[in-house]
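S.K.:
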Amino acid sequence: MIGEIRDPETARIAVQAALTGHMVISTVHTNTALAAIPRLLDLGIEDYLLADVMRGVAGQRLIRRLCDDCARPSTPAEASAHEQTIPAHLHGAVAREQARWMEPVGCAKCGHSGFRGRLGVYELAPMSSALIAGMRASADEDQLTAAARAEGFLSFADDAFLKARRGQTALSEVYRIAGAGQ
Numbered sequence: 091m092i093g094e095i096r097d098p099e100t101a102r103i104a105v106q107a108a109l110t111g112h113m114v115i116s117t118v119h120t121n122t123a124l125a126a127i128p129r130l131l132d133l134g135i136e137d138y139l140l141a142d143v144m145r146g147v148a149g150q151r152l153i154r155r156l157c158d159d160c161a162r163p164s165t166p167a168e169a170s171a172h173e174q175t176i177p178a179h180l181h182g183a184v185a186r187e188q189a190r191w192m193e194p195v196g197c198a199k200c201g202h203s204g205f206r207g208r209l210g211v212y213e214l215a216p217m218s219s220a221l222i223a224g225m226r227a228s229a230d231e232d233q234l235t236a237a238a239r240a241e242g243f244l245s246f247a248d249d250a251f252l253k254a255r256r257g258q259t260a261l262s263e264v265y266r267i268a269g270a271g272q
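Start counting at 1 in the sequence shown, then tack on 90, and there's your number in the numbering used here.
Next comes the structure, spelled out in structure tokens:
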């Protein structure tokens with residue numbers, strides 16, 4: 091395990107370890123999981139080496155969880171716009187799942203914030219032939235994201251939206267997470 095890859099030397103060490111059969115797990119500070127690919131290329135890792143050793147990228151963030159004691163049902167008008175951006179393979183599952191929109195209110199148990207606790211939101215992109223092709227073509231983050239979305243990738247905003255749709259968080263949290271690099 092390498093704590094963080096932030097310079098060319100550490101990146102080279104990580105790749106060399108992976109090439110010799112070691113599983114390497116590390117962090118690269120980027121706004122999205124897929125931004126790690128161009129970042130590692132910028133650190134001087136050759137695309138063919140990175141394609142050979144990388145198995146996937148993951149990202150995680152925290153959003154606020156609605157307080158179970160005071161959250162109340164809502165019907166946010168702006169939710170339908172984001173509904174249209176859900177990847178096609180999820181439309182069936184999302185449509186079958188009854189939306190349970192909630193909004194924060196505030197009570198003594200949550201310090202009158204409307205939120206209590208946190209939820210993880212995640213991005214996970216296993217390496218695929220489309221991502222490897224993008225990597226070899228020096229694709230930028232947006233191009234890599236488009237390729238991954240075509241294969242079912244969910245962004246932080248998508249995952250947060252699904253959690254808001256289930257009543258676990260507020261739509262305002264989706265906007266907060268979407269504004270940070272989406």
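Built from N, CA and C at the ideal position, the CB exists for glycine as well.
Taking residue 158 as the reference, which of 103, 249, 202 has the closest Cα?
M.R.: 202
S.K.: Count the other C-beta atoms from every protein chain shown that fall within 10 angstroms of the C-beta of residue 72, then say buried if there are 16 or more, exposed otherwise.
M.R.: There is no way to answer for residue 72, as the model of the chain reaches only from 91 to 272.
S.K.: Jot down the residue ranges of each uninterrupted beta strand (DSSP E) in the region 132-169, minimum 3 residues, whole runs only, in chain order.
M.R.: 146-156
S.K.: Report buried or exposed for residue 216, applying the criterion of at least 16 other Cβ atoms within 10 angstroms of its Cβ.
M.R.: exposed
S.K.: Sort 125, 120, 135, 121 by Cα distance to residue 106 and report the nearest one.
M.R.: 135
S.K.: Per DSSP, which residues does residue 192 bridge with? Please list them.
M.R.: Note: residue 192 is bridge-paired with 163 in the DSSP secondary-structure output.
S.K.: What is the DSSP secondary structure of residue 263, reduced to helix, strand or coil?
M.R.: helix
S.K.: Taking only three categories from DSSP, how would you classify residue 272?
M.R.: Below a pLDDT of 50, predicted positions are generally treated as unreliable, and residue 272, at 45, falls in that range; the measurement from the model is reported next regardless. The answer is coil: DSSP assigns residue 272 none of H, G, I, E or B.
S.K.: Span of the beta strand (DSSP E) holding residue 206?
M.R.: 205-216
S.K.: Could you compute how far the alpha carbon of residue 271 sits from the alpha carbon of residue 121?
M.R.: Here the model assigns residue 271 a pLDDT of 45, short of 50, so the residue's position is not dependable and the matter cannot be decided.
S.K.: With three or more C-beta pairs closer than 8 Å as the rule, is the region 136-156 touching the region 248-268?
M.R.: yes
S.K.: Which same chain residues end up closer than 7 Å to residue 143 when comparing Cβ atoms and leaving out the 5 residues on each side of it in sequence?
M.R.: The residues are 105, 108, 109.
S.K.: Does residue 149 pass the burial test, meaning 16 or more other C-beta atoms within 10 Å, or should it be called exposed?
M.R.: buried
S.K.: So, is residue 255 buried or exposed, given that buried needs 16 or more other C-beta atoms within 10 angstroms?
M.R.: buried
S.K.: Is the distance from the Cβ of residue 123 to the Cβ of residue 213 below 8 Å?
M.R.: yes
S.K.: Do you know how far the Cα of residue 249 is from the Cα of residue 92?
M.R.: 27 Å
S.K.: What's the call for residue 219, buried or exposed, on a 16-neighbour Cβ count within 10 Å?
M.R.: exposed
S.K.: Tell me the DSSP bridge mates of residue 285?
M.R.: Limits of the chain in this structure are 91 at one end and 272 at the other, which puts residue 285 out of reach.
S.K.: Tell me which residues share the same chain as residue 205 and place their Cβ nearer than 7 Å to its Cβ, disregarding the 5 neighbours each side in the sequence.
M.R.: 154, 155, 156, 157, 194
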